[in-house]
Structure formats: C-alpha cells, structure tokens
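A.B. asks:
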C-alpha cells in the first residue's frame with residue numbers, strides 16, 4: 731500500500747514540475763526604441779520653437795539654456811529647455827534658486843502602445859501631478875516646491 735501511495739505522490743509531484751511554458755514572448759514592449767523616440771520628439775519640438783520664434787512668436791515660445799550647464803563648455807540643443815507658454819501670468823518677477831514656489835503641474839511620458847493622453851495625442855502616461863481628480867483651479871491647492879529641489883529643467887523654467 732505504501733508503494734502505491736508513494737507512486738501516486740510521485741506522479742502528482744512530477745505533474746507540478748512539468749508545467750509547459752511558452753518559449754516565445756508574446757508581450758508588447760511598452761516603449762520600443764525609446765531613446766530614439768525621445769531624441770526625435772525633442773528635436774522636432776526644438777525646431778518648432780525655433781521656427782515660431784523666428785516667425786515672431788517669441789512671447790509664446792522660448793528656448794532657454796539650462797541654468798546648470800555652461801555654454802562655454804558645450805552648447806548642444808539638449809542643453810536647453812523648450813517653453814511653450816499657454817497662459818501668461820501676472821506675477822512680479824521670477825524666483826531665485828533658494829526660493830520656494832507654489833505650482834500646479836502635471837508630468838507626462840510620451841505616448842506608448844498602452845497610453846495616449848485625451849488632452850494631447852503626443853502625450854501618454856501621467857507619471858506625476860500636483861492634484862488629484864479633475865483639474866479645477868477653484869478646488870485645487872497648489873503644491874509648494876523648493877526651486878533647488880526639482881530637476882534642472884523644471885528649475886530652469888521656474889527661474890526664467
């Protein structure tokens with residue numbers, strides 16, 4: 731009887747360890763060729779900003795050299811940020827690097843196989859934002875950030 735029970739146990743054990751797995755990977759890569767896509771997207775936005783500024787739309791488009799990069803060392807297009815002003819503020823000046831600011835912001839990745847923004851077909855997954863729910867200025871409270879506590883591009887935009 732022990733032998734029969736042992737054989738059944740071995741049979742069950744073998745069936746657990748002999749599960750077949752697919753040798754192919756049928757998953758879709760979320761961000762294929764992401765580096766080239768990012769470089770191309772930035773180059774196109776840079777050219778769009780340059781063309782708009784040349785055409786006289788410098789109030790709404792700006793190319794700003796990143797504050798932490800010396801233009802004497804090198805001056806690549808990627809040493810800049812591109813600013814498209816959607817709404818002009820009425821504030822009195824720009825913050826210093828040691829100041830704090832109150833802002834509403836939303837950070838997007840580029841569109842991908844699974845994520846495309848309803849707001850803009852070039853934008854994808856929202857990786858960070860300063861509010862929850864629907865964007866509504868009457869019910870939102872801006873978040874407070876130290877200028878020296880954000881990434882260089884964000885700090886450059888805040889200080890210009």
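Residue numbers (the working numbering): 731 to 890.
Where a beta carbon is used, it is the ideal one built from N, C-alpha and C, also for glycine.
These figures come from a predicted structure and were not determined experimentally.
Determine, using beta-carbon pairs with one atom in the segment 788 to 807 and one in the segment 835 to 851, whether at least three such pairs fall under 8 Å.
C.D. replies: With a cut-off of 8 Å, the segment 835 to 851 and the segment 788 to 807 do not count as touching, because too few Cβ pairs lie within range.
A.B. asks: Under a three-way DSSP split, which group does residue 821 fall into?
C.D. replies: Looking at residue 821 - three-state DSSP - the assignment turns out to be coil, as it is neither helix nor strand.
A.B. asks: Alpha carbons only, please: which of 795, 776, 790, 760 is nearest the one belonging to residue 884?
C.D. replies: Nearest option by C-alpha distance: 795.
A.B. asks: Over the uninterrupted alpha helix (DSSP H) stretch that includes residue 888, give me the two end residues.
C.D. replies: Looking at the DSSP string, the run of the alpha helix (DSSP H) that includes residue 888 is 882 to 889.
A.B. asks: In terms of DSSP beta bridges, what is residue 783 paired with?
C.D. replies: Looking at the DSSP assignment, residue 783 forms no beta bridge with any residue, so it has no partner.
A.B. asks: Have a look at 870, 877, 863, 862 and flag the residue whose alpha-carbon is nearest the alpha-carbon of residue 826.
C.D. replies: Of the candidates 870, 877, 863, 862, the one whose C-alpha sits nearest the C-alpha of residue 826 is 877.
A.B. asks: Along the chain, where does the beta strand (DSSP E) containing residue 874 start, and where does it finish?
C.D. replies: 873 to 876 is the span of the beta strand (DSSP E), which, as asked, contains residue 874.
A.B. asks: Between the C-alpha atoms of residue 859 and residue 867, what's the straight-line distance to the nearest angstrom?
C.D. replies: So the two alpha carbons sit approximately 14 Å from each other.
A.B. asks: Residue 816: buried (16+ other C-beta within 10 angstroms of its C-beta) or exposed?
C.D. replies: Residue 816 should be labelled exposed.
A.B. asks: So what does residue 860 bridge to, in DSSP terms?
C.D. replies: Answer is none; residue 860 lacks a bridge partner.
A.B. asks: Which of helix, strand or coil does DSSP assign to residue 845?
C.D. replies: If DSSP states are grouped into helix, strand and coil, residue 845 belongs with coil.
A.B. asks: Going straight from the alpha carbon of residue 863 to that of residue 871, what length do you get?
C.D. replies: Their backbone Cα atoms lie some 12 Å apart in a straight line.
A.B. asks: Under the three-state reduction of DSSP, which class applies to residue 790: helix, strand or coil?
C.D. replies: Residue state, collapsed to three classes: coil.
A.B. asks: How big is the Cα-Cα spacing for residue 763 and residue 861?
C.D. replies: Their backbone Cα atoms lie some 31 Å apart in a straight line.
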